[in-house]
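Visitor: Per this note's numbering: the sequence shown = residues 369 to 908. Ideal placement from N, C-alpha and C gives every residue a C-beta, glycine not left out. Would you mind keeping the following structure in view while I ask a few things?
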Amino acid sequence: MFPTLTAAQVARIAGHGRVRRVAQGDVLVEPGEQTVRCFVVTEGQVEIVRPAGAAEDRMAVLRPGQFTGEVNMLSGRRGFARIRATAPGAVIEVDREVLLTLVQTDSDLGEILMRAFLLRRVELIARGLGDVVVVGSSHSPGTLRIREFLTRNGHPYASLDLDRDASVQDLLDRFEIGVADVPVVICRGTVVLRNPTNQQIADCLGFNEAIDRSHARDVVVVGAGLAGLAAAVYGASEGLDVLVLESTAPGGQAGASSRIENYLGFPTGNSGQELAARAYNQAEKWGAQLMVGNDTKRLTCDRKPYAIELEDGSRVPARALIIATGAEYRRLSIANLARFEGTGVYYAATFMESQLCSGDEVVVVGGGNSAGQAAVFLAQSARRVHMLVRSGLADTMSRYLIRRIEDHPAIAVHVRTEIVGLEGEHHLERVRWRDNQLGRVETHDIRHVFSMTGAVPSTRWLQSCVALDARGFIKTGADLAPEDLAAAHWPLARPPYLLETSLPGVFAVGDVRSGSVKRAAAAVGEGSIAIAAVHQVLHD
Ligand SMILES: Cc1cc2nc3c(=O)[nH]c(=O)nc-3n(C[C@H](O)[C@H](O)[C@H](O)COP(=O)(O)OP(=O)(O)OC[C@H]3O[C@@H](n4cnc5c(N)ncnc54)[C@H](O)[C@@H]3O)c2cc1C
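Given below as structure tokens:
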């Protein structure tokens, strides 16, 4: 986490910064400041501390050759710590933008800096040392949503559970918070948000404040699943000015996956969340910017540059656009479903959800790859997993998953069976399902249902800007029939490029695209291919 640079490496950095003399006690950075510069110690000593009430926790002491900074250095978001000289000496001060260029161009320094930044962030997350406290209950859907939002955005936070920690009441009293207000987010020790939206949390923590929304980007990518992140990495590394707009957090469906085992290069598998987090850091390293917690609401497509309207009302202009909004899980058609979403009904099977149902019986609904993967993963910690499948396991399910499901003693597959009822007071307590072969309805005391029943495309925000297929997925390239192009008033002599929609300069990649294969590698591949066509469009 705290490597010491060689004299030659320090000299290379010095060429990009300025020397600053410091006296004992000089504060270089205060907690909560936007991250705009990094310091390399050349003489004396610098400490990194976190304010803890009236006192301070010392996190590290840096000596000559060591440097400040963590992942916020890439995004420009606010820092968490105070940095102070503890002895007279000198530091090299490097502006963030200059440091980013150094990371991109000096591979030796880039590797050392990136590794240290990432390891420091991992440590902050592991120790819950952020600027946020989430006060809630594991039985509340709002609490789960907020924890997921922070986790998937890689933001460290401390969590207090009302059901487990009696001292939490003191904290609530101090901020005059009633039980009806939870979940509560205490942001930077001062602002108290009662059951906030993701956007309110993003605003309070300043997630997006370093991003300029006014200038027209070379390419705006909507959606930060694997397809969108791949487009960002390839686009930014090839010199394009890239902005990614994401309604929640990076990762998309992959972020909901416990373990992807067929992605090339990871023979022992990789959690989708980990894969997405690495891709996110990689995109930022190359200078792509990512705005999170802000839904894209509308595309203005009648003039160029195109403009993308966000939930908060702002408009982002774009010379080219990549749509990577993927797909969302279909919701079970049960009248009182909404009551149990987050309190017993889940759409993701990651470590976080598995902790909630450890030792319990669970239901997984669906017969495709994602349901199979969830069943196998949950069977490691749950007492028993019931897979409810409307017909049988899908033909598209990978053979390795089918074998694991069949061989696993804790997994029971119920074919031609569907959920017909959910019951419970504050949390799901019972599930009713019907065996359609026997016409028999059974009720089971089961408190957790994982719904993984296929996906619908996230294309509502596009209104009639691009041609869609009958199921709402976006048509691209050769799939666009002459009638589609005529209806869309395609204005060019050339036909649409591969992955280009019926609107010139607008591309669709990944699961949102009509005919896509719904695989992680395909999403990544399409994201990268689209960038080649974006270069062509910008050149044209
Ligand atoms: C549980 C699970 C397990 C899986 N396992 C595997 C596997 O083992 N192997 C494999 O190859 N594939 C697997 N897949 C499939 C694979 O994850 C997907 O094909 C791939 O991740 C799709 O990526 P995407 O970027 O196209 O879309 P998505 O992942 O759906 O990402 C779309 C993103 O766009 C955002 N978005 C949507 N609408 C808006 C809007 N209006 N404004 C802003 N942002 C928006 C969403 O929040 C999301 O982050 C699995 C999928 C799931 C769900």
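Starting from His903, follow the alpha helix (DSSP H) in both directions and report where the run begins and ends.
Guide: From DSSP, the alpha helix (DSSP H) with His903 extends over 888-907.
Visitor: Helix, strand or coil for Phe435? Go by DSSP, reduced to three states.
Guide: Three-state result, Phe435: strand.
Visitor: Note the first and the last residue of the continuous beta strand (DSSP E) segment covering Ala368.
Guide: Examination of residue 368 is not possible in this model, given that the chain is present from 369 through 908 alone.
Visitor: Take Pro863 as the anchor and find which of Gly878, Asp879, Val880, Thr844 has the nearest alpha-carbon.
Guide: Nearest option by C-alpha distance: Thr844.
Visitor: Taking three-plus beta-carbon pairs below 8 Å as touching, is the segment 813-831 in contact with the segment 726-739?
Guide: Touching, yes.
Visitor: Please state whether the Cβ-Cβ distance between Tyr631 and Ala888 is less than 7 Å.
Guide: A contact, by the Cβ cut-off of 7 Å.
Visitor: Going by Cα to Cα distance, which pick from Ala484, Asn563, Gln741 is closest to Val439?
Guide: Measuring from the Cα of Val439, the nearest candidate turns out to be Ala484.
Visitor: Are Ile514 and Val590 closer than 7 Å when you measure CB to CB?
Guide: No, Cβ-Cβ distance for Ile514 and Val590 is not below 7 Å.
Visitor: Taking 6 Å as the cut-off, does the CB of Gln741 come closer than this to any heavy atom belonging to ligand 1?
Guide: Yes, Cβ of Gln741 sits closer than 6 Å to a heavy atom of ligand 1.
Visitor: Once the 5 residues before and after Arg581 are set aside, which same chain residues still bring their CB inside 7 Å of it?
Guide: For Arg581, where only same-chain residues beyond five positions count, the Cβ hits under 7 Å are Ser682, Val684.
Visitor: In the structure shown, what three-state DSSP assignment does Val601 receive?
Guide: Val601: helix per DSSP, three-state reduction.
Visitor: When burial is assigned at 16 or more other CB atoms within 10 Å of the CB, is Tyr768 buried or exposed?
Guide: Result: exposed.
Visitor: Short check: CB of Arg389 to CB of Asp463, under 7 Å?
Guide: Contact flag unset, no.
Visitor: Residues in the same chain with beta-carbon distance under 8 Å from His507, minus the five sequence neighbours each way, listed in chain order, please.
Guide: Answer for His507: Asp531, Thr711, His794, His795, listed in chain order.
Visitor: I'd like to check one pair, Val660 with Glu614: are the Cβ atoms closer than 7 Å?
Guide: Contact: yes.
Visitor: Tell me which residue opens and which closes the beta strand (DSSP E) that Leu477 is part of.
Guide: No beta strand (DSSP E) contains Leu477, which is instead part of the alpha helix (DSSP H) from 475-494.
Visitor: Grab the span of the beta strand (DSSP E) containing Ala846 for me, first residue to last.
Guide: Where Ala846 is concerned, there is no enclosing beta strand (DSSP E), given that its DSSP letter is neither H nor E.
Visitor: Assuming Ala876 is part of the beta strand (DSSP E), what are its boundary residues?
Guide: It spans 874-876 - the beta strand (DSSP E) in which Ala876 sits, taken as one unbroken run.
Visitor: Determine contact between the segment 396-411 and the segment 444-459, defined as no fewer than three beta-carbon pairs at a distance below 8 Å.
Guide: Touching, per the Cβ criterion.
Visitor: Figure out for me which residue from Ser625, Asp571, Cys555, Gln657 has the closest Cα to the Cα of Gln583.
Guide: It should be noted that the sequence gives His, not Gln, for residue 583. Taking only the C-alpha atoms, the option nearest His583 is Gln657.
Visitor: Using a Cβ-Cβ cut-off of 6 Å (strictly less than) and excluding sequence neighbours within five positions of Asn804, which residues of its own chain qualify?
Guide: For Asn804, where only same-chain residues beyond five positions count, the Cβ hits under 6 Å are Arg784.
Visitor: Could you check whether the segment 894-904 touches the segment 599-619, counting it as contact only if at least three pairs of C-beta atoms, one from each stretch, sit closer than 8 Å?
Guide: These segments touch.
Visitor: DSSP state of Ala675, grouped into three classes?
Guide: Of the three classes helix, strand and coil, the one that applies to Ala675 here is strand, per DSSP.
Visitor: Using three-state DSSP, classify Met720 as helix, strand or coil.
Guide: If DSSP states are grouped into helix, strand and coil, Met720 belongs with the helices.
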